[in-house]
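Those protein sequence lines, which keep their order, are chains W and L.
If you want my numbering, it's the position in the first sequence, counting the first as 1, plus 247.
If you want my numbering, it's the position in the second sequence, counting the first as 1, plus 247.
No residue lacks a Cβ here, since even glycine has one placed at the ideal position from N, Cα and C.
2 protein chains.
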Amino acid sequence: MAAVPRAVLALSGGVGGAKLALGLADALAPGELHVLANTGDDFRHLGLDICPDIDTLLYTLSGRANESLGWGLEGETWQAMAALEELGGEAWFRLGDRDLATHLWRTDQLRSGSRLSTLTAALASRLGVASHIHPMSDDPVRTVVHTDRGELPFQRYFVRDQCEPVVTGFSFDGISAARPNREVMGLLRQKAFGAVVVCPSNPFVSVDPILQLPGLWPALRDSPAPVVVVSPIVAGLALKGPAAKMMSELGLGVSAVDVARHYCRRYPRLMDCFVIDESDAILAADIRQLGVDVAVTRTVMKSRADKQGLARFILQWSGN
Amino acid sequence: MAAVPRAVLALSGGVGGAKLALGLADALAPGELHVLANTGDDFRHLGLDICPDIDTLLYTLSGRANESLGWGLEGETWQAMAALEELGGEAWFRLGDRDLATHLWRTDQLRSGSRLSTLTAALASRLGVASHIHPMSDDPVRTVVHTDRGELPFQRYFVRDQCEPVVTGFSFDGISAARPNREVMGLLRQKAFGAVVVCPSNPFVSVDPILQLPGLWPALRDSPAPVVVVSPIVAGLALKGPAAKMMSELGLGVSAVDVARHYCRRYPRLMDCFVIDESDAILAADIRQLGVDVAVTRTVMKSRADKQGLARFILQWSGN
Numbered sequence: 248m249a250a251v252p253r254a255v256l257a258l259s260g261g262v263g264g265a266k267l268a269l270g271l272a273d274a275l276a277p278g279e280l281h282v283l284a285n286t287g288d289d290f291r292h293l294g295l296d297i298c299p300d301i302d303t304l305l306y307t308l309s310g311r312a313n314e315s316l317g318w319g320l321e322g323e324t325w326q327a328m329a330a331l332e333e334l335g336g337e338a339w340f341r342l343g344d345r346d347l348a349t350h351l352w353r354t355d356q357l358r359s360g361s362r363l364s365t366l367t368a369a370l371a372s373r374l375g376v377a378s379h380i381h382p383m384s385d386d387p388v389r390t391v392v393h394t395d396r397g398e399l400p401f402q403r404y405f406v407r408d409q410c411e412p413v414v415t416g417f418s419f420d421g422i423s424a425a426r427p428n429r430e431v432m433g434l435l436r437q438k439a440f441g442a443v444v445v446c447p448s449n450p451f452v453s454v455d456p457i458l459q460l461p462g463l464w465p466a467l468r469d470s471p472a473p474v475v476v477v478s479p480i481v482a483g484l485a486l487k488g489p490a491a492k493m494m495s496e497l498g499l500g501v502s503a504v505d506v507a508r509h510y511c512r513r514y515p516r517l518m519d520c521f522v523i524d525e526s527d528a529i530l531a532a533d534i535r536q537l538g539v540d541v542a543v544t545r546t547v548m549k550s551r552a553d554k555q556g557l558a559r560f561i562l563q564w565s566g567n
Numbered sequence: 248m249a250a251v252p253r254a255v256l257a258l259s260g261g262v263g264g265a266k267l268a269l270g271l272a273d274a275l276a277p278g279e280l281h282v283l284a285n286t287g288d289d290f291r292h293l294g295l296d297i298c299p300d301i302d303t304l305l306y307t308l309s310g311r312a313n314e315s316l317g318w319g320l321e322g323e324t325w326q327a328m329a330a331l332e333e334l335g336g337e338a339w340f341r342l343g344d345r346d347l348a349t350h351l352w353r354t355d356q357l358r359s360g361s362r363l364s365t366l367t368a369a370l371a372s373r374l375g376v377a378s379h380i381h382p383m384s385d386d387p388v389r390t391v392v393h394t395d396r397g398e399l400p401f402q403r404y405f406v407r408d409q410c411e412p413v414v415t416g417f418s419f420d421g422i423s424a425a426r427p428n429r430e431v432m433g434l435l436r437q438k439a440f441g442a443v444v445v446c447p448s449n450p451f452v453s454v455d456p457i458l459q460l461p462g463l464w465p466a467l468r469d470s471p472a473p474v475v476v477v478s479p480i481v482a483g484l485a486l487k488g489p490a491a492k493m494m495s496e497l498g499l500g501v502s503a504v505d506v507a508r509h510y511c512r513r514y515p516r517l518m519d520c521f522v523i524d525e526s527d528a529i530l531a532a533d534i535r536q537l538g539v540d541v542a543v544t545r546t547v548m549k550s551r552a553d554k555q556g557l558a559r560f561i562l563q564w565s566g567n
């Protein structure tokens, strides 16, 4: 009998997903974690190509995340932004001085023709990250939020307008022409993963852009690795970000059941297990009705031990 | 009899020229100083369009110049550069955090189709500079230094290689297709200037690129305003930068006489007066032999009073 592969693939957006990714990185041997990162939030701003989710993963997995802000780099300074405001420039997207180096370097290298995946690997290596961070695609995909104020590029909705507009739907510009990350697709073909974990990221703007890349979710469904999804909704609330507000505005219920239903409807037979928080244990039966296993544990990650605990629970469930 | 126009046009490179520009700005009424800035030093670095001489003028005339460094902004911080070095990026050209905002804003606006002259005026206005700073051209001109190590883009020679290569000559890429600044050409046609001052900037890499723009120096020669050139060489030394080293490597003598000869040969009948330092008073007769007036004063500018004193001397000489 072949040994179960130890490598794990995690699908992640930004902050919430990066927390579990950090737990998984701690729980696995160095290099065993592969993270497939959403790039639908990427945008060009002040001439810079910015990849917020990749950077959150890089900064979190390298121990540089700013815990108090909840985003960006620890010990960050803001001189460039202060000077930009003096010049009357657009300062609604806060770029820290050290963070700017990442964007400058990457933008320059992208314009010279490098692939985003190559550059992400180089950044991870420079920052001492042993895990593999893969952009979901080297081709541009741009999340557009459809709202009562019209269609808004994601960061305009998310940062500039602080998620205030009422959401009516989403689209992902460029997705039909985008190829999923070639390294990850290759590893899937090689059956290299022992588990696939969908982090507790926003289903609509963090996970859907990844899963809807042509060919990606069928490849995950058809791989022997179990697909474990962690609910981003706990006790009817989003732990971070606008997921609950979006679900409500879209006319969905706001509970872990509704998240599970979203994944089951859009991606039939993809999910093997749905992980919910112990405070939602009562919902387990309803979720099982959808035809998926349910695992109940503490999913709220405050401490490093919380992150590791949830990661170990998932790995144990999936036989790793 | 018409009143002598009070406006003054100064031709300037970076640090040395900006000192006299500051003195002229102090000595004139607000808005009477127009500076035509060298852009041959401009370059693209890390994807940013950087205009070192324009920025030195902006920072100096707005009182933001870093006096101790001799370049850049006062109170500057260097977090972005430190982070860039960690990422293995090119950090030989030191971009301060606040300075970065200037480059980001300008680069973004240039890519959106704005003219450099419009953007320079906007920056001056934002920084509270009453003088008019004009790029010598809105078209790209790039100074190339011919050396014993081959042809080097100016900043590679000047900053990265610290002027070490032996100079054999210069060329200005793009200059034959570049049009001189249209506002300044318009003002020259209107005979708006009471004096033209060539600041004590490097003749080869700061002043020549300006004067060699098609049609510019004949327009200066034919304007009624006297053209006053301040020697950047004092007692056989360049006060700042590689002018003396260049003259020596080019087989020229290294004295104020040799500078005057350079201007007289390349731009016949352009110069009306050559200003030399009192320590070079003995050279006055030799310079008069070239057919130009000579004015002797203290040209070394250490204090603000020095800058104002030299400016007032020049204005007085030229009848302003």
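Helix, strand or coil: how does DSSP classify residue i here?
i	result
Leu-258/L	strand
Ser-384/W	strand
Arg-291/W	strand
Ala-284/W	strand
Thr-544/L	strand
Glu-333/L	helix
Leu-399/W	strand
Cys-511/L	helix
Leu-320/W	strand
Val-413/L	coil
Val-539/L	coil
Asp-296/L	strand
Leu-484/W	strand
Arg-389/W	strand
Asp-420/W	strand
Ala-552/L	helix
Val-522/W	strand
Val-340/L	Here residue 340/L is Phe; the residue named in the question, Val, does not match the sequence. Of the three classes helix, strand and coil, the one that applies to Phe-340/L here is coil, per DSSP.
Give the interface partners of residue i over in chain W, defined as CB-CB distance under 7 angstroms, in chain order.
i	result
Thr-354/L	Gly-294
Arg-373/L	Glu-333, Leu-334, Gly-335
Would you mind telling me which residues of chain W sit closer than 8 angstroms to residue i, beta carbon to beta carbon, in chain order?
i	result
Arg-362/L	What Arg-362/L touches in chain W: nothing, since even the nearest Cβ is about 17 angstroms away.
Arg-559/L	What Arg-559/L touches in chain W: nothing, since even the nearest Cβ is about 32 angstroms away.
Arg-358/L	Gly-294
Counting only Cβ pairs nearer than 9 angstroms, list the residues of chain L close to residue i.
i	result
Leu-347/W	Gln-326, Ala-327, Ala-330, Leu-331, Asp-344, Leu-347, Leu-351
At a CB-CB cut-off below 7 angstroms, which residues of chain L make contact with residue i?
i	result
Leu-458/W	Those do not exist, as Leu-458/W stays about 31 angstroms from chain L at its closest Cβ, beyond 7 angstroms.
I believe residue i touches residue j by the beta-carbon criterion, under 8 angstroms. Please report the beta-carbon distance rounded to the nearest angstrom.
i	j	result
Ala-558/W	Leu-271/W	4 angstroms
Leu-308/L	Ala-369/L	About 15 angstroms; that fails the 8 angstroms criterion.
Gln-326/W	Thr-303/L	Wrong, their Cβ atoms sit about 19 angstroms apart, outside the cutoff.
Gly-294/L	Arg-358/W	6 angstroms
Ser-259/L	Ala-276/L	About 19 angstroms separates the two Cβ atoms, so there is no contact after all.
Gly-264/W	Ser-470/W	About 20 angstroms; that fails the 8 angstroms criterion.
Asp-344/W	Asp-344/L	4 angstroms
Ile-297/W	Thr-286/W	That belief does not hold up - the Cβ atoms of Ile-297/W and Thr-286/W are roughly 10 angstroms apart, past 8 angstroms.
Leu-316/W	Met-328/W	Contact doesn't hold; Cβ gap of about 13 angstroms is too wide.
Asp-540/L	Val-481/L	Going by Cβ atoms, the distance from Asp-540/L to Val-481/L rounds to 19 angstroms, so no, they are not a contact pair.
Tyr-510/L	Pro-450/L	7 angstroms
Less than 8 angstroms between the beta carbons of residue i and residue j, yes or no?
i	j	result
Ile-534/L	Val-504/L	yes
Pro-508/W	Glu-525/W	Here residue 508/W turns out to be Arg, not Pro, going by the sequence shown. Taking 8 angstroms as the Cβ cut-off, Arg-508/W and Glu-525/W do not qualify as a contacting pair.
Thr-394/L	Val-406/L	no
Leu-305/L	Val-255/L	no
Glu-552/W	Val-522/W	The residue asked about is misnamed: residue 552/W is Ala in this sequence, not Glu. No. Outside cutoff.
Leu-320/L	Leu-331/W	no
Leu-562/W	Leu-517/W	no
Ala-424/W	Asp-386/W	yes
Pro-400/L	Val-388/L	no
Gln-555/W	Ala-274/W	yes
Phe-290/L	Gln-459/L	no
His-281/L	Leu-434/L	yes
Ala-371/L	Gly-336/W	no
Pro-252/W	Lys-438/W	yes
Below 8 angstroms on C-beta distance, what does residue i contact in chain L?
i	result
Leu-370/W	Leu-334
Original post:
Would you call the region 439 to 447 of chain L and the region 468 to 478 of chain L in contact, with 3 or more CB pairs under 8 angstroms?
Top reply: yes
Original post:
Does the region 492 to 501 of chain L come close enough to the region 456 to 469 of chain L to have 3 or more Cβ pairs within less than 8 angstroms?
Top reply: no
Subject >> Cβ pair count under 8 angstroms reaching 3, the region 410 to 425 of chain L against the region 370 to 382 of chain L >> reply: no
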